[in-house]
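Sequential numbering of the sequence shown, starting at 5, is according to my numbering.
We put the beta carbon where it would ideally sit given N, CA and C, even for glycine.
These notes concern the structure reproduced below.
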Amino acid sequence: MTVKRRNHGRNKKGRGHVKRVRCVSTGKAIPKDKAIKRFQVRNIVDASSMRDIREASVYENYTMPKLYIKQYYCVEAAVHQRIVRVRSVQGRRIRDPPPRRR
Numbered sequence: 005m006t007v008k009r010r011n012h013g014r015n016k017k018g019r020g021h022v023k024r025v026r027c028v029s030t031g032k033a034i035p036k037d038k039a040i041k042r043f044q045v046r047n048i049v050d051a052s053s054m055r056d057i058r059e060a061s062v063y064e065n066y067t068m069p070k071l072y073i074k075q076y077y078c079v080e081a082a083v084h085q086r087i088v089r090v091r092s093v094q095g096r097r098i099r100d101p102p103p104r105r106r
């Protein structure tokens, strides 16, 4: 039978079973190794409120804490929201990770 991907879309390799996680978008339960993982870092307050807090604060160099969220997406939701893109047959053979962006 023809195989689309070398790892069958998973990162399991020898583990019999992997726990499931919930997709952020659809709520679907998917295996943790198959899920598309994204780490979202953002400020707790928005920019306009941040300015007001900074002006009212006693401390000059106070850094506001950030919100760190690890998000899991199922394949369908990640493709639909363009978090990952569909690649050609030759593109799927490229196994090195994409360049990081900020």
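CA-to-CA distance, residue j to residue i, given in whole angstroms
| i | j | result |
| --- | --- | --- |
| P70 | R14 | Note on residue identity: the sequence assigns Lys, not Pro, to residue 70. Those two C-alpha atoms are separated by around 31 Å. |
| A51 | D100 | 36 Å |
| G95 | R10 | 13 Å |
| M54 | K17 | 46 Å |
| I57 | S29 | 32 Å |
| M68 | V62 | 13 Å |
| E64 | R46 | 21 Å |
For residue i, the three-state DSSP class (helix, strand or coil)
| i | result |
| --- | --- |
| A39 | coil |
| Q94 | helix |
| V49 | coil |
| I73 | strand |
| R58 | helix |
| V25 | strand |
Residue closest to residue i, alpha-carbon to alpha-carbon, out of the options
| i | options | result |
| --- | --- | --- |
| Q75 | V22, H21, G31 and P102 | G31 |
| E80 | G20, R46, P103 and I40 | I40 |
8 Å contact criterion, which residue i and residue j should meet: CB distance rounded
| i | j | result |
| --- | --- | --- |
| Q44 | I73 | 5 Å |
| R42 | P35 | Not a contact, Cβ separation roughly 17 Å. |
| C27 | Y77 | 6 Å |
| D37 | V22 | 5 Å |
CB contact check: residue i to chain E, cutoff 8 Å
| i | result |
| --- | --- |
| R9 | In the structure shown, chain E does not exist; there is a single protein chain. |
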